[in-house]
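Report on the structure given below.
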Amino acid sequence: MNDTIAVLLATYNGEKYLKEQIDSILNQTYKDIKIYIGDDCSKDGTIGIIRAYKDLYPDKIVYYQNEVNIGFIKNFEKLLQSCSEDYIAFSDQDDIWLSSKLEEQIRAIKKEEKNDLSIMTHSDLIMIDENEQILHKSFFKFKKYKLKPEKDLGHILGPCGVMGNTMMINRALKEKVLPFPENIDFHDYYIAVMCELFGKRITIFTSLVYYRIHQNNTSNNKLNPLVFNNIPYKNTQKNITLRAIRKNNKIKKDDLIKINFLIRYIENNCSFFYYFNIIRYKLLKRSFIYNVLFFLKIIHYKLIKKNI
5 MNDTIAVLLA TYNGEKYLKE QIDSILNQTY KDIKIYIGDD CSKDGTIGII RAYKDLYPDK
65 IVYYQNEVNI GFIKNFEKLL QSCSEDYIAF SDQDDIWLSS KLEEQIRAIK KEEKNDLSIM
125 THSDLIMIDE NEQILHKSFF KFKKYKLKPE KDLGHILGPC GVMGNTMMIN RALKEKVLPF
185 PENIDFHDYY IAVMCELFGK RITIFTSLVY YRIHQNNTSN NKLNPLVFNN IPYKNTQKNI
245 TLRAIRKNNK IKKDDLIKIN FLIRYIENNC SFFYYFNIIR YKLLKRSFIY NVLFFLKIIH
305 YKLIKKNI
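Letter by letter, the sequence shown follows residues 5 to 312 in the numbering used here.
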């Protein structure tokens, strides 16, 4: 077993915060690492920064330059395919890792690893702004994620709670998730669902990443977790990911029922049938207020449809 950890870093126009992130990876207490960087045709100073680090750490950094822009999902897939290590961590270009992150995660994986068990570990995060001022000490609490330590497929399918920038997987899970399905909207959601179905998730409830929220971080431009612009999951492409996953004939019957229900919910008009069943299958956050707001959204939606 090779204990070197491959750190996958997909970059695109990330010059503003990239040095801090690379430094935080290099300053890990766990030193047996190799950083795989894939740049997706950056137009700013990102490439120069990467080359400078590559010159300083030629044995630690592997650098790929994409000929055309392929998007962050394909970029991560390409990096995952290129690495040969038994443990793989995913990194965004604008965060800061706590120095013990990799050490804590590989220790957690090794404690559970046996035979060919697919394992993923992920952690909580500290939310910071552009100037590294703390916004929220716990991303889990802020987003009202309440993942159970044991299998919790409903939560993973719905709210999820697994952030790619905290994720580490082993080789067994890597082999299960490659190649990525076409047109998925987030690779971390896909990997998290696959792990929940066929492996073991280890949730570390302490924060191991400073998660930077800034103007260009489009996935987190809303900081209020109780504001719904749309009914939950309706404006996502989770159904595309789940349609690809359900082709696997090894999915257990009860798990397949939940997957098929969420696909139907996303692709059809809302009704109270969907409301009660989405609660039944535990596909919402475990928050009374969140559930009440979801119910009110269903009523509002039905009234609008009635008056059209």
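Cβ coordinates follow ideal geometry from the N, Cα and C atoms, glycine included.
Simplified DSSP state of residue i, which is helix, strand or coil
i, result
"Leu139", "strand"
"Val296", "helix"
"Gly158", "helix"
"Ser223", "In this prediction, Ser223 scores a pLDDT of 47, lower than 50, which makes its location untrustworthy; the coordinate-derived value is nonetheless stated afterwards. Note: Ser223 maps to helix in three-state DSSP."
"Leu13", "strand"
"Asn233", "Per-residue confidence for Asn233 stands at a pLDDT of 44, beneath the threshold of 50, marking its modelled position as unreliable; the derived number appears in the next sentence. In this structure, Asn233 counts as coil in the three-state DSSP scheme."
"Gln180", "In the sequence under discussion, the amino acid at residue 180 is Lys, which differs from the Gln named in the question. Residue state, collapsed to three classes: helix."
"Met198", "helix"
"Ile29", "helix"
"Lys20", "coil"
"Ile77", "helix"
"Tyr193", "helix"
"Tyr67", "strand"
"Asp43", "strand"
"Asn243", "helix"
"Asp48", "coil"
"Tyr57", "helix"
"Ile255", "coil"
Residues that residue i bridges to, as DSSP identifies them
i, result
"His126", "Thr207"
"Ala112", "Paired residues: none, contrary to the question."
"Lys38", "Ala10"
"Gln85", "The partner list for Gln85 (beta bridge, DSSP) is empty, contrary to what the question assumes."
"Val313", "Lying outside 5 to 312, the shown extent of the chain, residue 313 is not represented and no answer is given."
"Met171", "Answer by DSSP bridge pairing: none, since Met171 is not bridged."
"Ala93", "Val11, Met172"
Backbone CA spacing between residue i and residue j [nearest angstrom]
i, j, result
"Arg175", "Ser122", "8 Å"
"His140", "Met131", "5 Å"
"Ile267", "Leu157", "14 Å"
"Ile39", "Ala10", "6 Å"
"Thr222", "Thr15", "Its pLDDT being 40, under 50, Thr222 is placed unreliably by the model, and the measurement read from it follows with that caveat. One C-alpha to the other measures close to 15 Å."
"Thr210", "Ser127", "6 Å"
"Val166", "Asp192", "7 Å"
"Lys118", "Glu81", "25 Å"
"Ile206", "Val213", "16 Å"
"Asp96", "Val197", "20 Å"
"Asn17", "Leu60", "21 Å"
"Ile270", "Lys257", "20 Å"
"Asp36", "Asp48", "30 Å"
"Glu89", "Asp7", "8 Å"
"Glu107", "Gly203", "21 Å"
"Asn295", "Met172", "31 Å"
"Ser291", "Pro62", "48 Å"
"Lys23", "Ile53", "7 Å"
"Cys1", "Lys155", "There is no way to answer for residue 1, as the model of the chain reaches only from 5 to 312."
"Glu19", "Thr33", "25 Å"
Residues near residue i by beta carbon distance below 6 Å, same chain, minus five either side
i, result
"Asn187", "Ile244"
"Lys289", "Lys148, Pro163"
"Ile195", "Val181"
"Arg55", "none"
"Ala248", "Pro185"
"Leu300", "none"
Beta-carbon contacts of residue i that lie in its chain and below 7 Å, excluding the five residues immediately before and after
i, result
"Tyr57", "Ile26, Ile65"
"Ser28", "Ile100, Trp101"
"Leu84", "Leu12, Ile92, Lys178, Leu182"
"Asn170", "The question names Asn, but residue 170 is Thr in the sequence shown. Excluding positions up to five away in sequence, the list reads His126, Ser127, Leu129, Leu212, Val213."
"Ile282", "Tyr269, Leu288"
Close beta carbons around residue i, own chain, < 8 Å, minus the five adjacent residues each side
i, result
"Asp259", "Leu157, Leu201"
"Phe143", "Asp128, Leu129, Ile130, Met131, Tyr149, Met167, Ser211, Tyr215"
"Lys262", "Leu157, Gly158, Leu161, Tyr285, Leu287"
"Gln241", "Asn187, Ile188, Asp189"
C-beta neighbour in chain B for residue i, strict 8 Å
i, result
"Leu84", "Annotation note: the requested chain B is absent from the structure, which comprises a single protein chain."
(request) Specify whether the segment 59 to 78 and the segment 30 to 49 touch according to this definition: at least 3 beta carbon pairs, one from each stretch, less than 8 Å apart. (result) Verdict: yes, contact present.
(message) Closer than 8 Å is the cut-off here; do at least three beta carbon pairs connect the segment 245 to 256 with the segment 101 to 114?
(response) At 8 Å Cβ cutoff, the stretches do not touch.
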